[in-house]
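Chains as they are written, first to last, in the numbering used here: chain A, 1 to 664; chain B, 665 to 966. Accompanying notes for the structure given below.
So this is what it looks like as structure tokens:
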């Protein structure tokens with residue numbers, strides 16, 4: 001069986017077994033076990049095919065045609081293989097996590113359907129990345145969007161969840177329309193549905209097509225300002241679904257951008273520059289909004305926008321390198337971006353799972369109500385700590401690997417024009433600033449939630465997550481450490497796909513020497529990580545010796561002589577973030593509602609503050625509301641009578657026929 | 665190599681002494697005798713002899729922080745060419761590793777502070793997180809500038825070899841801006857006046873000192889040592905920039921003279937200025953970013 005057949009079999013197993021297990025709904029536990037095993041089996045087979053795909057040099061493809069109308073074709077190159085790796089790795093972990101996470105007896109059937117949809121989502125994503133023509137791509141894309149939409153509404157009793165799914169649905173369908181339009185245009189120009197080669201298209205049209213599709217892909221990826229759905233949908237979904245959506249599904253947007261870039265192969269610098277600038281904006285604003293959140297999952301959702309920004313910075317620098325004839329810069333940038341796709345998938349899923357486990361153990365996700373969880377939830381706490389260090393891009397964990405590549409790409413820009421050099425500098429500086437702000441954001445997320453004293457009784461009575469949830473988190477945390485210490489193994493596929501991208505674009509093979517120079521980067525990282533760990537170990541040993549036979553006692557925290565401190569005097573998450581948010585006030589206005597205590601015997605007082613997302617505020621005020629108002633005057637069209645609707649359709653078709661006839 | 669090892673050990677051993685220079689300068693300027701120059705060694709010896717008292721609120725995070733903090737400072741100086749001698753360790757891209765290692769030290773410093781459940785430490789932690797990301801912007805701008813001038817990406821190659829960066833080069837005037845920017849970063853990152861006052865006695869107004877209020881014994885010794893080394897790291901960076909091309913024998917005394925001058929300057933600034941209000945600190949740090957970015961533009965126009 002060749003690679004692509006293995007993959008298709010994996011996709012079949014991944015979706016069919018969980019669907020089939022619904023039939024056993026009278027025995028939910030057994031059915032759930034069966035479904036989980038099915039997903040795991042599918043993921044393992046998928047990983048096997050990825051392993052084959054990475055080691056193969058050529059491109060494998062398979063075509064299926066039905067009545068000569070519907071021709072579907074799939075193929076797997078290095079780029080697809082890399083994204084498949086991400087998909088199968090995270091889906092497997094999420095399926096294991098979900099086994100104990102969705103464990104309510106009375107929701108048995110719903111859980112099974114959720115599991116089946118999870119399998120369908122993973123299959124759809126796999127098909128998106130192996131689609132070889134526009135039709136297959138769009139079919140898989142829609143399947144992915146719709147199945148994830150249903151996954152979000154798991155808790156459909158809650159109004160907020162339905163609202164989130166609604167917003168997500170609008171964004172995903174509107175985004176898809178842009179992609180349809182761009183693909184249609186491209187097909188009109190070249191006459192082919194293929195996503196690999198392209199007939200000559202004028203350069204200016206190429207740009208227009210790219211940006212048209214980019215709008216749709218960007219809304220899926222959650223690029224600022226098209227990210228509005230993301231902070232609604234991700235917190236509403238069950239945690240393992242959020243992990244897949246945030247870790248993997250939004251990356252399909254990135255994949256689409258890369259694939260389209262390869263398909264139409266533009267020479268213009270405008271694309272690289274735009275992508276880089278959007279990356280910087282998404283990165284910085286994403287992390288600022290993340291810092292202002294009081295719900296852990298919302299914080300993580302905004303942080304996904306930040307990380308998409310980092311990926312775009314990498315890809316943007318790569319595109320600039322490509323257009324200005326600097327293949328090393330291009331390879332480094334693309335490798336960094338791709339590595340960050342994988343790394344972000346791992347640590348963001350880990351963090352979402354840890355957040356789910358906090359919700360499971362305490363019943364709340366509000367940062368201000370938690371605290372001191374490290375003592376009762378040690379595994380979750382450690383997992384969260386590892387995820388936080390990794391997401392800040394700090395050595396010796398995996399986040400550093402991708403950022404190191406992106407910096408190295410930026411530090412290849414000496415020979416390019418001043419304008420692009422300056423832009424690249426700004427990219428590197430924003431990466432540094434994002435890193436600094438991420439430290440502030442994730443010290444808040446771990447410090448306030450897991451350290452200190454419990455702020456409420458919910459936090460005081462927290463309990464550790466059940467077995468399967470812990471396994472999933474331990475697996476992902478181990479991956480974070482493994483990639484941080486041994487990046488070579490995982491950077492190779494990323495590097496391979498980056499190199500194949502650059503060679504297809506430039507039609508010049510990269511020399512072995514250049515490849516070696518880039519691979520050396522990874523050895524340096526492992527070197528640095530090992531050095532750091534060794535020095536830490538040595539100093540820890542020294543510390544143990546120094547503490548031998550020394551008196552060690554425990555008492556309360558120093559409170560300037562005050563010894564009866566209550567947990568409520570602790571610094572809160574909002575106060576921790578307040579001064580930084582104040583600095584960014586123009587971009588992140590804070591909305592305050594305050595009812596002050598009045599009178600001699602004040603009865604009621606309340607204060608509420610939240611950070612406003614400027615993109616959302618503007619979209620609602622300037623776009624959505626005027627459109628709604630304008631549409632109100634068209635209400636008379638809607639009668640609710642079927643006959644009239646059918647006549648609308650007939651009239652529309654007739655009108656279109658007339659228009660096309662006149663056009664000729 | 666041997667010279668490098670020797671000067672590394674010498675610098676690490678002398679780091680506490682140099683920090684005492686600041687204390688001595690401050691005492692001298694207000695007409696006091698001040699503590700002896702060896703005061704920091706006495707402090708270290710005293711702390712290492714003691715045991716520790718831990719807060720009941722704390723977890724293992726609180727105890728790992730001193731180790732990570734010291735490890736980072738020790739490693740950072742390994743990559744630094746002291747007195748323009750070749751660094752002990754070096755590879756292309758080590759600058760990024762070093763700056764990110766300082767990042768992980770900061771991460772643990774902040775969460776260790778939050779681990780104590782103390783509101784004062786929370787305040788210090790929030791300020792540390794705030795001011796440091798501004799410093800990071802300056803540092804990476806300086807890196808980009810060095811890269812543009814020199815074409816390499818390691819601390820060693822910046823300051824050694826024929827292409828070394830120093831203010832005695834033709835574009836030296838621009839590098840003076842960088843020296844000033846780096847000095848501002850030094851003051852901010854090492855919690856000196858006017859950003860933070862290490863000598864203050866009010867917990868509410870501190871940054872670095874308040875975050876380590878609950879540490880004691882050898883743990884505190886580790887943290888103190890790490891802070892002295894970090895200060896030395898930034899001072900050496902500036903000293904390397906200021907040093908002219910010299911032979912080995914003259915370079916070492918010249919280097920230590922420049923380092924002493926930098927520490928004296930810190931002491932003098934601390935004696936003659938008051939610390940800024942917290943609101944002004946970001947503007948102060950952003951000035952350094954503006955200087956560095958201006959320098960980049962000047963270099964591009966050359």
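Idealized CB from N, CA, C, for every residue including glycine. These numbers were taken from a predicted model, which means no experiment stands behind them.
Using a 10 Å radius around the Cβ and a threshold of 16 neighbouring Cβ atoms, would you call residue 631(A) buried or exposed? Burial call: exposed.
Let me confirm a value: residue 914(B) is counted as buried when at least 16 other C-beta atoms fall within 10 Å, else exposed. Which label applies? Residue 914(B) sits exposed, since fewer than 16 C-beta atoms from the chains shown fall within 10 Å of its C-beta.
Within the continuous alpha helix (DSSP H) that includes residue 63(A), where are the two ends? Judged by DSSP secondary structure, residue 63(A) falls outside any alpha helix (DSSP H) and instead within the beta strand (DSSP E) spanning 60–66.
Helix, strand or coil, according to DSSP, for residue 556(A) in the structure here? The answer is coil: DSSP assigns residue 556(A) none of H, G, I, E or B.
What residues in its chain sit with their C-beta under 6 Å from that of residue 939(B), if we drop five residues either side in the sequence? Contacts found: 857, 858 and 861.
Hey, how far is the Cα of residue 667(A) from the Cα of residue 321(A)? Residue 667(A) is absent from the structure shown; chain A starts at 1 and stops at 664.
Mind checking the region 563–578 of chain A against chain B and listing, in chain order, the residues whose C-beta falls within less than 9 Å of any C-beta there? The region 563–578 of chain A vs chain B, Cβ under 9 Å: 565, 567, 569, 570, 571, 572, 575, 576, 577 and 578.
Limits of the beta strand (DSSP E) - the one that residue 606(A) falls within: Element bounds for residue 606(A): 606–611.
Among all the DSSP beta bridges, which residues are the ones paired with residue 76(A)? Residue pairing for residue 76(A): DSSP places it in a beta bridge opposite 60(A).
When the Cα atoms are used, what is the spatial distance from residue 332(A) to residue 514(A)? Their backbone Cα atoms lie some 10 Å apart in a straight line.
May I ask which residues mark the beginning and end of the beta strand (DSSP E) holding residue 392(A)? If you look at residue 392(A), you'll find it isn't in any beta strand (DSSP E); DSSP assigns it neither H nor E.
Listed in chain order, which residues of the region 747–764 of chain B have Cβ atoms closer than 7 Å to some Cβ of chain A? Cβ proximity to chain A below 7 Å picks out 755, 757, 760, 761 and 764 from the region 747–764 of chain B.
For chain A, find out if any of its Cβ atoms is closer than 8 Å to the Cβ of residue 679(B); answer yes or no. Not closer than 8 Å to any Cβ of chain A, the Cβ of residue 679(B) fails to qualify, so no.
Do residue 4(A) and residue 62(A) have their C-beta atoms closer together than 8 Å? A contact, by the Cβ cut-off of 8 Å.
Please list the residues of the region 459–480 of chain A that have a C-beta atom closer than 9 Å to any C-beta atom in chain B, keeping them in chain order. Answer set for the region 459–480 of chain A: empty.
Any beta-carbon of chain B closer than 8 Å to the one on residue 429(A)? Interface residue, yes.
Look up residue 595(A) in the DSSP assignment and give the residues it is bridged to. In the DSSP output, where bridge partners are listed per residue, residue 595(A) has 606(A).
Any Cβ of chain B within less than 8 Å of the Cβ of residue 348(A)? No, no contact with chain B.
At a CB distance below 8 Å, what residues from the region 693–721 of chain B approach chain A? Give them in sequence order. Hits within the stretch, in order: 712, 714, 715, 716, 717, 718, 719, 720 and 721.
Using a Cβ cut-off of 8 Å (strictly closer), state whether residue 294(A) contacts chain B. No, its Cβ sits nowhere closer than 8 Å to a Cβ of chain B.
Report yes or no: do the region 481–501 of chain A and the region 711–724 of chain B share at least 3 C-beta pairs separated by less than 8 Å? The answer is no - the region 711–724 of chain B does not touch the region 481–501 of chain A, with fewer than three Cβ pairs under 8 Å.
Three-state class that DSSP yields for residue 717(B) in the structure shown: Shown here, residue 717(B) sits in a strand according to DSSP, grouped into three states.
Let me see if you follow: with CB-CB separation under 8 Å, is residue 882(B) close to chain A or not? Among the CB atoms of chain A, one or more fall inside 8 Å of the CB of residue 882(B).
Interface residues of chain D around residue 580(A) at Cβ under 9 Å? Among the protein chains of the structure shown, namely A and B, there is no chain D.
List the DSSP bridge partners of residue 775(B). Residue 775(B) is not bridged to any residue.
So residue 482(A) contacts chain B; which residues on that side make the cut at Cβ distance below 7 Å? Per Cβ cutoff of 7 Å: no residues; residue 482(A) is ~18 Å from chain B at best.
Extent of the continuous alpha helix (DSSP H) to which residue 39(A) belongs: In the DSSP assignment, residue 39(A) falls within the alpha helix (DSSP H) that extends over 28–55.
Measure from the alpha carbon of residue 459(A) to the alpha carbon of each residue in 465(A), 449(A) and 466(A), then state which is nearest. For residue 459(A), the nearest C-alpha among the options comes from 449(A).
Residues of chain A with CB under 7 Å from residue 770(B), in chain order? Within chain A, the residues near residue 770(B) are 439.
Can you tell which of 545(A), 394(A) and 419(A) has the C-alpha that lies nearest to the C-alpha of residue 480(A)? Among 545(A), 394(A) and 419(A), the Cα nearest to that of residue 480(A) belongs to 394(A).
I need the boundaries of the alpha helix (DSSP H) containing residue 427(A), first residue and last residue. 418–450 is the span of the alpha helix (DSSP H), which, as asked, contains residue 427(A).
Is the CB-CB distance between residue 341(A) and residue 311(A) below 8 Å? With respect to the 8 Å criterion, residue 341(A) and residue 311(A) are classified as neighbours on the basis of their beta carbons.
Go to residue 162(A), then tell me how far its alpha helix (DSSP H) extends in each direction, as first and last residue. Counting along the chain, the alpha helix (DSSP H) containing residue 162(A) begins and ends at 159–190.
Less than 8 Å between CB atoms is the rule here; does residue 418(A) satisfy it with respect to chain B? Using beta-carbon distances, residue 418(A) counts as an interface residue toward chain B, with a partner under 8 Å.
Determine the closest residue to residue 112(A) out of 284(A), 73(A) and 17(A), with distance taken between C-alpha atoms. Cα-wise, what sits closest to residue 112(A) is 17(A).
Would you say the beta carbon of residue 364(A) is closer than 7 Å to some non-hydrogen atom of the ligand FMN? No copy of the ligand FMN occurs in the structure displayed, which carries no ligand at all.
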